[in-house]
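Okay, structure first, notes after.
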DNA sequence: CCAGCAGCCTGAAAGC
DNA sequence: TGCTTTCAGGCTGCTG
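In the numbering used here, the protein residues as written are 16 to 306.
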């Protein structure tokens, strides 16, 4: 499931490839989640950014500055297709023949949800097996229609994210610390895997509702640590995640808590346990992680 | 305003 | 073997 490290890995691959790409056609799955892909037709990608788990494609459309906002959900992935060998008699795309408007996505597999065709003949494909992903074109920076994005907390590597900033939000809420991390409000980009990892390393029980300043300072550090390690390892692949080149990540080999129910804690040897918080499995060490 | 939760989705794996 | 059930979970939007 793509969290910050996975989305950042994809962003770093897409950005240099897509700068300057002019979108001359698009097609999408009929659903409201994906059909906004068509709104990007006629604009040029200037940059691929990231905010939390969202990919933001900056779009230049004559005078207007737009953004294609993409969330990968659970199983979303982006891939760049080279110029189709069937376009043009000698394998060269003939720009003049490219049709502006719909392109049938069916030919690109049962899980293709959107497809953008560029003036240079290349294509950007968005696959999403379970359709938890979402696409939207908005005025640049206008996230009013995307609640989670508009209320998103600081990026974990932003100096604005500190133990103190974390504590000031955490103390106002009566929700479990894990619920708060997943809300994206104290810090952007943390999902179920990295939340379990960060809480384990900080010695904090996922259900804890009382996390003082000292423990928040530690938690802010472990959040940054696990996300940085995730980025360094190219993301975590448990089931479906692949980067924009189709490769799996390797961070799954570094996980100390997530998915280790029944195995011994790497620190004290106690059997790791699982509980369900907000309909998500949470694995923790009952000895090391305190309320 | 906040907390809690149903609903969205498909495919792999487990259960019968 | 083949069918049914369970599980994975980020975000939206509704309810109390």
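For glycine and all other residues, C-beta sits at the position ideal for the given N, C-alpha and C. Note that the coordinates shown come from a computational prediction; the quantities given were computed from them, not determined experimentally.
Cβ contact annotation for residue 97 (same chain, cutoff 7 Å, sequence separation greater than five): 137, in chain order.
Annotation: the continuous beta strand (DSSP E) that includes residue 43 extends over 38-43. Under the criterion of beta carbons closer than 8 Å, residue 92 and residue 75 do not qualify as touching, at roughly 25 Å. It is roughly 16 Å from the alpha-carbon of residue 81 to the alpha-carbon of residue 165.
Excluding five sequence positions before and after residue 285, the CB atoms of its chain that fall closer than 8 Å to its own CB belong to 279, 300, 301, 302, 303, given in chain order.
In the three-state reduction of the DSSP assignment, residue 80 falls in the strand class, which pools E and B. Between residue 32 and residue 258, the C-beta gap is not smaller than 8 Å, which leaves the two residues out of contact.
It is roughly 19 Å from the alpha-carbon of residue 296 to the alpha-carbon of residue 242. In the structure shown, residue 256 falls within a coil segment according to DSSP collapsed to helix, strand and coil. With a cut-off of 8 Å on Cβ pairs, the stretch 267-277 is not in contact with the stretch 42-52, counting fewer than three such pairs. Shown here for residue 201: same chain residues with a beta carbon closer than 7 Å to its own, the five before and five after excluded, namely 168, 181, 184, 185, 195 in chain order.
Assignment of residue 142 by DSSP, reduced to helix, strand and coil, places it in the strand class.
Taking a contact as a CB-CB distance under 8 Å, the pair residue 238 and residue 174 does not count as one, their CB atoms being some 14 Å apart.
Selection 71, 121, 288, 70 evaluated against residue 222 yields 288 as nearest (Cα-Cα).
DSSP links residue 95 through a beta bridge to 139. Unbroken beta strand (DSSP E) stretches of 3 residues or longer found wholly inside the stretch 181-219: none. In the structure shown, residue 51 falls within a helical segment according to DSSP collapsed to helix, strand and coil.
Nearest neighbour of residue 251 by Cα position, chosen from 229, 233, 209, turns out to be 209. Considering only 25, 260, 130, the residue with the shortest C-alpha distance to residue 69 is 25.
A straight line joining the alpha-carbon of residue 246 with that of residue 72 spans about 20 Å.
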